[in-house]
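Per the numbering used here, residue 468 is the first one in the sequence shown, and the count goes up by one each step. A virtual CB, placed ideally from N, CA and C, is assigned to each residue, including glycine.
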Amino acid sequence: RKLDCKIILTGGNHDSPAMLNAPREILKELDMHVVGGLPEDLADTLIPIQNESGHNEMVIAAIPFLRDADLRSAAEGETYAERVEAVQKGIENTFHQVADLCKTHYPNVPALAMGHLFAAGMSTSESERDIQIGNLAAFEATHFGDYFRYIALRHIHKPQQVKALVPTFYSGSPIPLSFSEYADKKRVLILDTERGYEPESIAIPSFRQLLKISGNLEALQFKLSELENSGALDTLIELILKEESYDANKILGFDQLVTEFQKPGFEIVKHRTDFTHKIQGASALYNQHTQLQDLKPKEV
């Protein structure tokens, strides 16, 4: 029995395209459409949305995460700059080719696009993995063109709008996936095409609080003692010891504080130290321009 709504799933950089695609034909019977990886025939990314009369109201271009092999052909002697340019051009070409297919297969039907990539100028958190040459091949969103009425992007967890020629948004993750997102206001975006293509933002209630607590050892002890629980679920804490200089006794006291901390409704799940004056590590012993091939084995 089909669902009362159409569900479209596209693969991301964490996902196995083969695993996502495995139940694709079965899920299609439930009106759930899966595009795990970029198909050989780009027309397979197009999913029409029909009204009760069977007429196409719109078409969704379900473009998954584009892997390196989807975007370019490796060439001997290719420079770093050439590789970055090839990745960016590959993303642009893919979206333009899919737009052309929309025009051919669904003329005069509004088209929306989905994508999984890192757009230039976006704010990130510490929980997204670098993609497309470590995010250095960030895509300039104006190169999407102006054919699609709306572009829905994912990969970046922080909700934000992208500067493009058409309405383009990262809806963001529905829950914080790291402590760097503890202050983000999570949301879902509702697009009512009868009222245009500017989405409505719906706030997602927060059922679990995240806290980042930092300071010297004495400040941490005081802040932890002042905590008051206000939620049904345990509040998760990241504890950061900040000191001027490395001090083994302070580290020992910090570890003891974490180990012995017990307060109903709170749990320390992450802790780390941050010293202003750091001990010089091995990386500082060599000039940053020193190349590995210039060093002798003993120096390494």
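Residue i, buried or exposed, once every other Cβ within 10 Å from all chains shown has been counted against 16
i	result
serine 520	exposed
alanine 528	buried
valine 557	Checking the displayed sequence, the identity of residue 557 turns out to be glycine instead of valine. The residue is buried, with at least 16 neighbouring Cβ atoms inside 10 Å.
threonine 660	exposed
alanine 485	exposed
glycine 478	buried
glycine 663	exposed
valine 565	buried
threonine 546	exposed
alanine 510	exposed
alanine 699	exposed
valine 526	buried
glutamate 727	exposed
histidine 583	buried
leucine 470	exposed
Minimum C-alpha distance to residue i - residue among the options
i	options	result
leucine 687	Asn716, Val655, Leu724, Met525	Leu724
isoleucine 642	Arg534, Ile718, Arg654	Arg654
phenylalanine 636	Ser668, Thr660, Glu661	Ser668
leucine 703	Lys679, Glu685, Asn716	Lys679
alanine 587	Val576, Ala578, Ala608, Met581	Ala608
leucine 644	Glu705, Leu584, Ala631	Glu705
tyrosine 614	Ala578, Ile514, Gln676, Met589	Ala578
aspartate 651	Ala631, Leu677, Leu632	Leu677
serine 488	Cys472, Pro506, Asn480	As written in the sequence, residue 488 is asparagine, which differs from the serine given in the question. Per the Cα distances, Pro506.
phenylalanine 689	Glu665, Phe721, Glu549	Phe721
proline 634	Phe646, His610, Pro666, Ser647	Pro666
serine 590	Asn560, Leu470, Ile618, Lys630	Lys630
Residues that residue i bridges to, as DSSP identifies them
i	result
arginine 539	The partner list for arginine 539 (beta bridge, DSSP) is empty, contrary to what the question assumes.
histidine 500	Ile475
leucine 678	Ile704
asparagine 523	Gln517
glutamine 688	Glutamine 688 pairs with nothing; no bridge assigned.
histidine 481	Answer by DSSP bridge pairing: none, since histidine 481 is not bridged.
tyrosine 617	Leu579
glutamate 768	Because the chain here runs from 468 to 767, residue 768 falls outside it and cannot be looked at.
valine 655	Ile669
alanine 529	Met581
alanine 586	Phe606
Where the alpha helix (DSSP H) containing residue i begins and where it ends
i	result
valine 725	715-727
histidine 441	Residue 441 is absent from the structure shown; the chain starts at 468 and stops at 767.
alanine 485	484-488
lysine 737	No alpha helix (DSSP H) holds lysine 737; the beta strand (DSSP E) holding it covers 733-744.
lysine 495	491-495
Extent of the continuous beta strand (DSSP E) to which residue i belongs
i	result
leucine 505	No beta strand (DSSP E) contains leucine 505, which DSSP labels as neither H nor E.
arginine 662	Here arginine 662 belongs to no beta strand (DSSP E), and DSSP marks it neither H nor E.
isoleucine 854	Because the chain is modelled from 468 through 767, residue 854 falls outside the range shown and cannot be assessed.
threonine 635	635-637
Residue i beta carbon near the ligand NAD (any heavy atom closer than 7 Å)
i	result
glutamine 729	Ligands are entirely absent from the displayed structure, and the ligand NAD is therefore not among its contents.
Note to self: With three or more C-beta pairs closer than 8 Å as the rule, is the segment 669-677 touching the segment 619-632?
What the structure shows: The answer is no - the segment 669-677 does not touch the segment 619-632, with fewer than three Cβ pairs under 8 Å.
Check: Are at least three pairs of beta-carbons, each pair with one atom in the segment 535-553 and one in the segment 566-582, less than 8 Å apart?
Finding: no
Check: Is the segment 727-737 close to the segment 695-713, with three or more CB pairs under 8 Å?
Finding: Output reads yes: the segment 695-713 touches the segment 727-737.
Next item on the list: Would you check if there are 3 or more beta carbon pairs closer than 8 Å linking the segment 484-496 to the segment 509-528?
Entry: no
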